[in-house]
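These protein sequences, in sequence, are chains Z and H. The opening position of the first sequence corresponds to residue 220 in this note's numbering, with each subsequent residue numbered one higher. The opening position of the second sequence corresponds to residue 6 in this note's numbering, with each subsequent residue numbered one higher. Backbone N, C-alpha and C define an ideal beta-carbon position, used for all residues, glycine too. Notes for the one structure printed next.
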Amino acid sequence: MSIEPLAPPKKPKRLPVLPQRGKLSMFEIALFVACLVLIAVELSQNLRDVMVLTFLFAGLGLAWNIAGGYAGLISFGHAAFFGIGAYTSTILFVSAGLTPWIGLWCGGVLAAAAGALLALICARLRGPFFILSTLAAAEVVRIGALNWSSLTGGPEGLSILPVANVANMVFVSKTAYAVLMLAYVVFVYAITKALEGSRYGYYLFAVRDDEEAASAAGVNPLLVRTAAMGLSAFLTGIGGSLFAQYFLYLDPTFVISPELSFQFALLPAVGGLGTAIGPVLGSFLITPLSELLRSYLGNAAAGLHLVIYSAGLIVVMLYFPGGLAAALNRLGRGWKRKP
Amino acid sequence: MTTLGQLVISGILIGGIYALMSIGLTLIFGVLRIVNFAHGEFLMLAMYGAWAVTTLLGFNPYVAVLAIVPAMFLFGGIVYRIIISPGLDKPHLVVVFATMGLSIFLQNVALMMMTADLWDVPPIFSHAVIVGALRFKAELLLGFLITILCTVGLQWVIRATYLGKAIRATVQDGEAAMLMGIPVPRIFLITFAGGSALVGLAACVMMPLFSVFPTVGLNFVLIAFVVVVLGGMGSIEGALIGGICIGVVQSLSSYYVAPAFGQMFFFILFLLVMIFRPNGILGQKGAATIGIND
């Protein structure tokens with residue numbers, strides 16, 4: 220993944236068909252319209268639930284991708300930021316009565332601080348050492364949350380009273396949640412798109428691809444890395460708050476589990492690391508697949524859906540390392556070549 | 006004083022077990038420069054194997070070594086051929102995600118076949134070993150001795166045999182080794198399979214001490230990562246020292262602080278090591294900061 224040479228500015232006549240770095244494309248607009256149509260269409264409660272989760276995880280995958288895909292900071296500890304966001308807004312809401320509409324920003328800021336701290340702690344580490352440190356850091360947060368019962372409710376968890384009210388960010392209809400989650404995806408997507416076209420985005424790619432060269436060119440790798448991790452953690456924390464408002468229940472064993480961290484990383488990995496559309500495609504493919512497999516096969520054979528899912532992951536990683544985004548591009552190029 | 010002595014000795018013994026299950030991981034890392042995220046699931050699989058041999062065929066778990074170690078060697082070889090080898094020339098991430106996929110795959114295959122129930126084997130020895138005022142489980146003592154033997158044996162293989170020489174040459178400079186006629190891909194295969202076989206040995210030693218269930222690997226793999234990083238990735242003596250450190254830290258902190266915090270302490274220890282001595286106690290200089298295999 221090299222940096223594209225800076226082409227002389229051309230006036231685009233119309234929008235590109237396929238996603239490009241830093242530009243809006245027809246594909247993205249069509250996908251957004253399709254999501255709106257899906258929300259508007261009458262669906263069963265079960266499918267609505269799948270849709271809400273798909274949007275939420277698309278946003279979380281995008282947030283992970285800023286650190287993992289763009290900055291090359293492969294973190295298996297993002298569940299910690301997710302948990303910090305979820306617990307912050309919930310604790311503020313349950314014990315201080317602060318509306319989650321404000322609480323979620325507080326959770327995001329706390330998560331960002333934790334993310335920046337982790338990036339500073341791991342400043343010198345690369346490759347597997349960085350991955351394992353993020354995993355360990357998330358475990359410290361999980362065990363901490365499990366044992367600090369007075370704040371987090373410990374293993375019994377925390378519940379939010381299901382009083383449906385816009386001010387409480389609790390809704391009766393799943394459609395409202397779907398709109399909320401779609402807004403989250405659009406928010407994170409817009410930030411990602413703005414990032415990848417900006418000067419700071421190029422700093423990220425430079426630090427990821429060749430740190431020494433980037434450093435020689437006047438980019439401060441530590442600063443760039445810390446900011447990327449902070450931004451990624453901030454957006455993940457907001458996702459955590461939204462998750463809490465949807466499920467209305469939190470416990471450390473699920474919210475801060477390593478499995479959840481792996482899932483955040485898998486969606487961009489399957490979709491295409493370091494592309495904005497990748498995590499979205501990853502979530503749109505994998506989340507419904509795993510949810511539907513779970514609901515159809517779940518009772519018959521526990522774990523079968525994950526067997527299929529993980530076998531698919533291995534094949535994608537080994538034979539299509541660019542993920543779905545690269546496949547989409549290849550498809551587009553092949554289609555263009557035909558007259 | 007007796008309590009302290011008892012705690013330290015128990016910590017050292019359990020640390021030996023931790024070291025045994027980490028040696029395979031450190032060996033594979035040292036030679037192939039990859040982290041096998043499915044290491045814990047290899048252990049889980051081998052523990053199920055040891056359980057089956059013990060319960061269904063009625064052998065002692067220590068006798069099961071004869072069946073489990075070759076089986077895990079074969080299994081490691083197959084995994085290397087199918088998953089590791091195609092990913093070695095691709096970006097570092099590919100192997101990370103492929104082994105993680107394998108980990109989820111094995112966990113859930115186990116869940117489907119064996120359910121989430123806990124299985125264990127009856128204790129082998131009815132009496133604890135008593136030395137003065139100290140008492141410890143004979144299984145732990147035996148496990149510790151096996152670890153020491155294994156470490157010494159592996160060191161001998163690496164220092165004194167032709168295979169060991171080839172492995173060391175591959176570690177020093179893979180391309181030069183290839184030019185000297187060393188079949189590097191076969192060395193990789195043997196190392197990966199050998200590392201898996203060591204996990205098989207660890208599983209047989211651990212079976213009388215721990216229950217087996219589909220996600221047992223996750224608990225142990227986190228410990229193994231800490232042990233390996235603490236000792237210095239790729240260092241076999243380091244794994245032994247790291248294992249003992251973790252065992253003692255866990256044993257003391259769960260007695261003096263709280264059992265729940267025992268785990269937290271060694272993760273904090275891990276992070277401290279990463280901040281202040283990222284190459285571990287006996288690791289190679291610069292390993293952590295170069296980001297090997299990038």
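- As DSSP reads the structure, phenylalanine 266/H sits in no beta bridge.
- At a beta-carbon threshold of 7 Å, none of the residues of chain Z lie near glycine 247/H; the nearest stands roughly 13 Å away.
- Taking a Cβ-Cβ threshold of 7 Å, the residues of chain H close to serine 352/Z are Leu276 and Met279, in chain order.
- When the Cα atoms are used, leucine 272/Z and isoleucine 505/Z turn out to be separated by approximately 11 Å.
- Among the CB atoms of chain H, one or more fall inside 9 Å of the CB of arginine 343/Z.
- Of Asp268/Z, Leu257/Z, Arg345/Z and Thr309/Z, the smallest CA-CA separation from serine 460/Z is found for Thr309/Z.
- With respect to the 9 Å criterion, threonine 411/Z and isoleucine 303/Z are not classified as neighbours on the basis of their beta carbons.
- Ranked by Cα distance from leucine 354/Z, the options Arg38/H, Leu50/H, Ala229/H and Ile241/H are led by Ala229/H.
- Secondary structure note for isoleucine 475/Z: it is in no alpha helix (DSSP H), with a DSSP letter that is neither H nor E.
- Here the alpha carbons of isoleucine 129/H and methionine 536/Z stand approximately 44 Å from one another.
- By the 16-neighbour rule on beta-carbons within 10 angstroms, proline 75/H is exposed.
- Leucine 423/Z and isoleucine 293/Z have their C-alpha atoms roughly 13 Å apart.
- A Cβ-Cβ separation of about 4 Å places alanine 43/H in contact with leucine 107/H under the 8 Å criterion.
- Listed by position along chain H, the residues whose Cβ is nearer than 9 Å to that of serine 529/Z are Met105, Gly106, Leu107, Ser108, Ile109, Phe110, Leu111, Gln112 and Asn113.
- If you look at phenylalanine 130/H, you'll find it isn't in any alpha helix (DSSP H); DSSP assigns it neither H nor E.
- If you check the CB distance, valine 499/Z and glycine 490/Z come in under 9 Å.
- Here the alpha carbon of lysine 170/H sits roughly 18 Å from the alpha carbon of cysteine 155/H.
- One alpha carbon belongs to alanine 495/Z, the other to glutamate 46/H, and they sit about 33 Å apart.
- Inter-residue distance for phenylalanine 246/Z and leucine 237/Z is about 5 Å (C-alpha atoms, whole angstroms).
- Residues are counted here when their Cβ sits less than 9 Å from a Cβ of chain Z; for the region 52 to 70 of chain H the count is zero.
- Between the beta-carbon of leucine 401/Z and that of phenylalanine 276/Z there is about 12 Å, and that puts the pair past the 8 Å contact cut.
- Under the three-state reduction of DSSP output, lysine 242/Z falls in the strand class.
- DSSP places isoleucine 379/Z outside any alpha helix (DSSP H), giving it a letter other than H or E.
- Within a 10 Å sphere around the beta-carbon of proline 66/H sit 16 or more other beta-carbons, which makes this residue buried.
- Across the set Gln482/Z, Ser417/Z, Arg444/Z and Ala544/Z, the C-alpha of Arg444/Z shows the shortest separation from the C-alpha of alanine 335/Z.
- Among the bridge pairs identified by DSSP, asparagine 384/Z is matched with Val389/Z.
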